[in-house]
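Residue numbering for the sequence shown follows my numbering, beginning at 56 and increasing consecutively.
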Amino acid sequence: MCARGPMATDGDLERHGLHDSATVLQVLRAGTWTVEGRLSGASNATLFCVAELDGVQIECVYKPVMGERPLWDFPDGTLGHREVAAYEVAATFARVCDDDAVLIPETIWREEGPFGDGSCQRWIEVSETQLVDIVHTQEEQPGWLSVLEASDDFGRPVQLIHQDDARLRQMALLDMVTNNSDRKGGHILVDQQGDLFGVDHGLCFNVED
56 MCARGPMATD GDLERHGLHD SATVLQVLRA GTWTVEGRLS GASNATLFCV
106 AELDGVQIEC VYKPVMGERP LWDFPDGTLG HREVAAYEVA ATFARVCDDD
156 AVLIPETIWR EEGPFGDGSC QRWIEVSETQ LVDIVHTQEE QPGWLSVLEA
206 SDDFGRPVQL IHQDDARLRQ MALLDMVTNN SDRKGGHILV DQQGDLFGVD
256 HGLCFNVED
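Written as structure tokens, this is what we have:
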């Protein structure tokens with residue numbers, strides 16, 4: 056199922072100081088990385104970096120294998136590879152659909168990162184737009200779809216809702232194909248140009264022996 060959403064044009068990219076996907080991938084793969092900080096809320100080591108090549112700088116997220124936390128249901132040292140594989144599937148979806156909207160930011164694998172092998176993904180500067188929310192009401196929200204109803208710790212009714220957006224249907228299909236076991240509202244981002252992205256795909260492609 057292909058769903059075309061609003062996407063930045065080449066003019067938009069130039070106006071906002073952004074770069075096309077081919078340039079981003081080249082800089083991530085061949086550029087020099089400078090570690091700027093660590094995302095403290097992540098469950099695995101997640102470093103905010105700047106990759107630079109020929110004067111072009113790309114902000115990115117670097118996840119070294121050495122910082123992966125062992126999991127009982129995923130082989131050790133494989134989460135970064137799963138991130139890269141999920142991006143490749145999303146990019147293939149976009150090509151098949153003849154759509155510029157790749158639902159996962161550019162993601163590559165490098166063996167010579169500052170802390171060894173790991174995945175690297177373009178950083179998304181998010182807007183305040185939310186496509187998934189929890190509200191303290193059971194009333195219907197125009198333009199939103201209800202996922203489930205529950206109650207909070209104080210017994211008040213709450214709803215998990217998401218916007219009626221065709222791109223979320225496409226993301227749900229991507230999650231099914233990649234067997235994503237970790238889709239959260241916080242993993243669905245909308246950038247400053249209104250484009251939708253999913254992040255944190257290390258828990259994809261699992262099999263049960």
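Every residue gets a Cβ at the ideal spot worked out from N, C-alpha and C, and that includes glycine. A quick note: this is a predicted structure, and the numbers were derived from the prediction, not measured.
Taking the alpha-carbon of residue i as reference, which of the options has the nearest alpha-carbon?
{"i": "Ile189", "options": "Cys104, Asp207 and Val105", "result": "Asp207"}
{"i": "Arg84", "options": "Leu258, Glu123 and Gly168", "result": "Gly168"}
{"i": "Val82", "options": "Glu123, Trp127 and Glu161", "result": "Glu161"}
{"i": "Tyr142", "options": "Arg177, Gln196 and Gly122", "result": "Arg177"}
{"i": "Gly171", "options": "Val120, Gln193 and Pro212", "result": "Val120"}
{"i": "Leu200", "options": "Glu183, Arg224, Pro212 and Gly210", "result": "Arg224"}
{"i": "Gln193", "options": "Ser182, Glu183, Pro125 and Ile216", "result": "Ile216"}
{"i": "Asn99", "options": "Val111, Leu126 and Val105", "result": "Leu126"}
{"i": "Asp75", "options": "Val105, Val111, Val116 and Arg222", "result": "Val111"}
{"i": "Glu183", "options": "Asp250, Ala77 and Leu94", "result": "Asp250"}
{"i": "Ala77", "options": "Pro130, Val116 and Ala146", "result": "Ala146"}
To which residues of the same chain is residue i closer than 7 angstroms at the C-beta, ignoring the five residues directly before and after it?
{"i": "Glu69", "result": "Note on Glu69: pLDDT 43, under 50, position unreliable in the model; no value is reported."}
{"i": "Asp255", "result": "Asp237 and His242"}
{"i": "Glu180", "result": "Asp246 and Gln247"}
Please classify residue i: does DSSP put it in a helix, a strand, or coil?
{"i": "Arg177", "result": "strand"}
{"i": "Thr184", "result": "coil"}
{"i": "Gln81", "result": "helix"}
{"i": "Gln193", "result": "coil"}
{"i": "Glu293", "result": "What is shown of the chain runs 56 to 264, which leaves residue 293 out entirely."}
{"i": "Gly60", "result": "Annotation note: pLDDT 47 at Gly60 (below 50); position unreliable, coordinate value reported separately. Looking at Gly60 - three-state DSSP - the assignment turns out to be coil, as it is neither helix nor strand."}
{"i": "Glu143", "result": "helix"}
{"i": "His242", "result": "helix"}
{"i": "Glu263", "result": "coil"}
{"i": "Gln214", "result": "strand"}
Checking 8 angstroms against the spacing of the C-beta atoms, do residue i and residue j come in under that value?
{"i": "Phe252", "j": "Leu158", "result": "yes"}
{"i": "Gly198", "j": "Lys118", "result": "no"}
{"i": "Leu203", "j": "Asn235", "result": "no"}
{"i": "Asn261", "j": "Asp155", "result": "no"}
{"i": "Asp220", "j": "Leu244", "result": "no"}
{"i": "Val90", "j": "Ile113", "result": "no"}
{"i": "Val232", "j": "Val144", "result": "yes"}
Grab me the residues of residue i's own chain with a C-beta within less than 6 angstroms of its C-beta, minus the 5 sequence neighbours each way, in chain order.
{"i": "Asp65", "result": "Residue confidence for Asp65 is low, a pLDDT of 45 falling below 50, so the modelled location carries little weight; the figure read from the coordinates is stated next. Nothing listed; no residue qualifies."}
{"i": "His191", "result": "Arg211 and Val213"}
{"i": "Gly240", "result": "Val187"}
Apart from the five residues on each side of it in sequence, which residues of its chain come closer than 8 angstroms, Cβ to Cβ, to residue i?
{"i": "Leu108", "result": "Gln81, Val82, Ala85, Gly86 and Thr87"}
{"i": "Trp164", "result": "Gly135, His136, Val139, Asp172, Gly173, Ser174 and Cys175"}
What distance in whole Å lies between the Cβ atoms of residue j and residue i, which are believed to be in contact at a cut-off of 8 angstroms?
{"i": "Glu123", "j": "Gly132", "result": "6 angstroms"}
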